[in-house]
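Residue numbers (my numbering), protein chains in the order written: chain Y, 1 to 230; chain C, 1001 to 1557. Glycine residues also receive a C-beta, built at the ideal position from the N, C-alpha and C atoms. See below for the structure under consideration.
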């Protein structure tokens, strides 16, 4: 079609390949790609890690405190235990003993909320007002959050214990560590650390654990606050 | 280009909402998260509609909504639905999410630090109680403080009430809004065109109207209604009666009668109070202004501005106030002399600093000459300068010096052609082209075609590059919300990955605290892992708090 009619446009030869040209008239060549581009291209210049100042640490402490409170408070609404749908989730595990199980220790919602039509829309109060239990006690103010046992708090404590033990061991100019329990514990910890020739896998974790000790102890799996069982 | 803009406008809301949903999930659990997700993404819904969308059983749903209302994340309101056929009109209760308050939950630690610096530790403890529980009465606050400090209520009541009054007078605490106001009449139904153009704007307007209808009257918002200490009168029965309401607060209802007295007494024990987020954001905004002036001009000017802002704070009505109240020179002098930094400043010094701030290129303070020489702080300009500075920093870090230069040039000059940009910014032409197209792709710049011929041939068209500032602000804000969401997810992911080590750590601590538990040790590699996760968690949380500073700058200030 391009060559029909005489004199219209300038015909090019059969071996002509059209060449793209950029703004400045120079030809633009296509890049050769081998395979699709990577999903996460390597970042050549990573930004620097931020410096953590004292203010930042204070802010972080407050943030963790608030989050732990909310997770243990009556405001955290848990999924109701399914009947038989989720078998895997419902199996009781040994490690559940150490996990922060707030389910049984949570005060009821009615103990902290003032359930009256002056504060909440009436339709939300329907059943709550009937079932309101007289909740005595101050535990809704001082929740058993085990704030000291929160994961991230534990990490902090471990760090300080570690630093102390390093300081004791090296007997050198120390980095500052928080004052914690007495030196007996540090020695104990040092001794324990030296006993690590046992190994790093499950055997180490079970070493010294005697199954029979806890045979007769009752597991506190949520039977506390649920009242008499009929 | 137009389509991109529309898409971007809807996208901005999405990432912010996603972040809000994740915040609620982390703090109150999945179920509450599901409810708020519905409200955030679908707008206002009634209880049956919520039950249908979330598929949660009705009791649980009620509990979730109670929690959300308690924590000021959702507002209920009454809507009159027109009767269908012969049925009478029904009154339904609908719920709308308050996204702003949900996003404020990221900043609670900053609020606590602010109160601590301003009013001390006891005030911080009170505010902490209100932040933890959302809404509390004075009695509940006293109970909480007593339980935490292991003292009796009577011991701490006096000083606590005093601190409480101080907080209310400083507007840090306010009364809670009405639970179910009647929704103000809706604007005429949207046409199809307007609906596609600005869906977010309509939603935000509705939310604002409903909140305005729910809010207590300005006179009542900070009405203490408590008996002043020292003016309590003990009756023969030993009951307390109020002889005086806090001065300067007129009630729009009837004067206090005997019934009114008991009513007031009941009210003082039953009024719910909550944290006034507006005041905190206002203070943080002032802090950001002072910081900007300090870094841009000089520290002395910053102190003077701080004094001026403190003097005019009480007269501000809106968080995003554009101009402060006017101040005379004498008032400024007085305010500056009252601060520790400004005590030694001479009149000349203050005058010079004001002149610097009034300079045309800067424009932070405006000088008004009639009738008396007064100075007005242009808060909007200062915040805008802060935003531009931040924006340029981002571009500098991401794309390099030359790109930043080009961007600043376009901000100053408006519209320019490619050749002109290359000449003025002293960048090679090829490089200019690359950088310009890179910025265009990331939607920092816009391209305007002006063609001389009707066929829009490229050789006969002028291409003008320009910066559309409001668009960029929205785009950056969107990016920041997404970044904050990613940081939160990453933190959760990292803690999840190290769950085993954390379990071991828990056992370790358990073995330390209880005598009969088996001894657990941590191996060397576990130690390393614990060290690593601790460092990672601290860095991620600190980054989130710093990112939140910028989110506030672009969204709330």
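Along the chain, where does the alpha helix (DSSP H) containing residue i start, and where does it finish?
i	result
residue 1529(C)	1524-1551
residue 1381(C)	1379-1399
residue 1437(C)	1429-1441
residue 1469(C)	1469-1497
residue 1148(C)	1138-1149
residue 1312(C)	1299-1312
residue 1175(C)	That residue, residue 1175(C), is in no alpha helix (DSSP H); its beta strand (DSSP E) goes 1173-1175.
residue 1335(C)	1329-1338
Can you tell which of the options has the C-alpha that lies nearest to the C-alpha of residue i?
i	options	result
residue 1106(C)	1520(C), 1556(C), 1544(C), 1209(C)	1544(C)
residue 1070(C)	1131(C), 1046(C), 1172(C), 1391(C)	1131(C)
residue 107(Y)	71(Y), 43(Y), 122(Y)	71(Y)
residue 1222(C)	1183(C), 1177(C), 1051(C)	1177(C)
residue 1310(C)	1335(C), 1487(C), 1446(C)	1335(C)
residue 1166(C)	1138(C), 1497(C), 1018(C), 1123(C)	1123(C)
residue 1073(C)	1181(C), 1475(C), 1134(C), 1491(C)	1134(C)
residue 1350(C)	1369(C), 1366(C), 1329(C)	1329(C)
residue 62(Y)	1493(C), 1307(C), 1400(C), 1128(C)	1128(C)
residue 1379(C)	1066(C), 1320(C), 1424(C), 1333(C)	1320(C)
residue 1372(C)	1270(C), 1392(C), 1327(C)	1327(C)
residue 1175(C)	1416(C), 1215(C), 1493(C)	1215(C)
residue 1345(C)	1374(C), 1494(C), 1301(C)	1301(C)
residue 1359(C)	1420(C), 1318(C), 1293(C)	1293(C)
residue 1387(C)	1401(C), 1366(C), 1369(C), 1411(C)	1411(C)
residue 1447(C)	1456(C), 1415(C), 1044(C)	1415(C)
residue 1318(C)	1529(C), 1518(C), 1277(C)	1277(C)
Please report the residue range of the beta strand (DSSP E) in which residue i lies.
i	result
residue 1076(C)	1074-1081
residue 1448(C)	1446-1451
residue 1368(C)	1365-1368
residue 1275(C)	1273-1275
residue 1465(C)	1461-1466
residue 1566(C)	Past the edges of chain C, shown from 1001 to 1557, lies residue 1566(C), and the structure says nothing about it.
Roughly how many angstroms separate the alpha carbons of residue i and residue j, rounded to a whole number?
i	j	result
residue 21(Y)	residue 1465(C)	22 Å
residue 1551(C)	residue 1100(C)	12 Å
residue 1249(C)	residue 112(Y)	Note that residue 1249(C) scores 40 on pLDDT, short of 50, meaning its location in the model is unreliable; the coordinates nonetheless yield the value given after this. About 31 Å.
residue 1338(C)	residue 1331(C)	11 Å
residue 1083(C)	residue 123(Y)	20 Å
residue 1108(C)	residue 66(Y)	9 Å
residue 1525(C)	residue 1028(C)	34 Å
residue 1019(C)	residue 1481(C)	7 Å
residue 1471(C)	residue 1049(C)	35 Å
residue 1313(C)	residue 1324(C)	8 Å
residue 1015(C)	residue 1443(C)	17 Å
residue 1486(C)	residue 1479(C)	10 Å
residue 1076(C)	residue 1170(C)	28 Å
residue 1058(C)	residue 1092(C)	17 Å
residue 1515(C)	residue 1283(C)	50 Å
residue 53(Y)	residue 1424(C)	42 Å
residue 1272(C)	residue 1137(C)	5 Å
residue 30(Y)	residue 1362(C)	48 Å
residue 1499(C)	residue 1522(C)	14 Å
residue 1152(C)	residue 1353(C)	53 Å
Name the chain C residues whose beta carbon is nearer than 8 Å to that of residue i?
i	result
residue 69(Y)	1132
What does residue i touch in chain Y if you count any residue whose Cβ is under 9 Å from its own?
i	result
residue 1496(C)	The contacting residues do not exist; residue 1496(C) stays about 11 Å from chain Y at best.
residue 1534(C)	152, 155, 156, 158, 159
residue 1067(C)	74, 75, 76, 77, 109, 113
Residues of chain Y with a CB under 8 Å from the CB of residue i: which are they?
i	result
residue 1028(C)	70, 75, 76, 77
Quick one: list the residues of chain C neighbouring residue i, beta-carbon separation under 7 Å, in chain order.
i	result
residue 142(Y)	1147, 1148
residue 62(Y)	1109, 1112
residue 163(Y)	Going along chain C, no residue has its Cβ under 7 Å from residue 163(Y), so there is no contact; the nearest lies around 11 Å.
residue 58(Y)	1113
residue 18(Y)	Correct list: empty, because the minimum Cβ distance to chain C is about 16 Å.
What does residue i reach in chain C if we use C-beta pairs closer than 9 Å?
i	result
residue 27(Y)	Result: empty, since nearest Cβ-Cβ is about 13 Å, beyond 9 Å.
What residues from the segment 1047-1065 of chain C come within 7 Å of chain Y, judged by C-beta to C-beta, listed N to C? 1047, 1059, 1060, 1062, 1063, 1064, 1065
Please identify, using Cβ separations under 9 Å, the residues of the segment 102-123 of chain Y that lie next to chain C, in order along the chain. 109, 112, 113, 114, 115, 116, 117, 118, 119, 120, 121, 122, 123
In chain order, what residues of the segment 32-50 of chain Y put their CB closer than 8 Å to some CB of chain C? 47, 49, 50
In the segment 1534-1548 of chain C, which residues sit with their C-beta less than 8 Å from some C-beta in chain Y, listed in chain order? 1534, 1537, 1538, 1539, 1541, 1542, 1543, 1545, 1546
Near-chain Y residues of the segment 1087-1098 of chain C - C-beta to any C-beta below 7 Å: 1093
If you measure beta-carbon to beta-carbon, which residues of the segment 1299-1311 of chain C are closer than 9 Å to chain Y? none
Residues of the segment 1169-1180 of chain C in Cβ contact with chain Y at a cutoff of 8 Å, in chain order, please. 1176, 1179, 1180
Interface positions of the segment 1399-1427 of chain C facing chain Y (Cβ-Cβ less than 7 Å), listed along the chain: none
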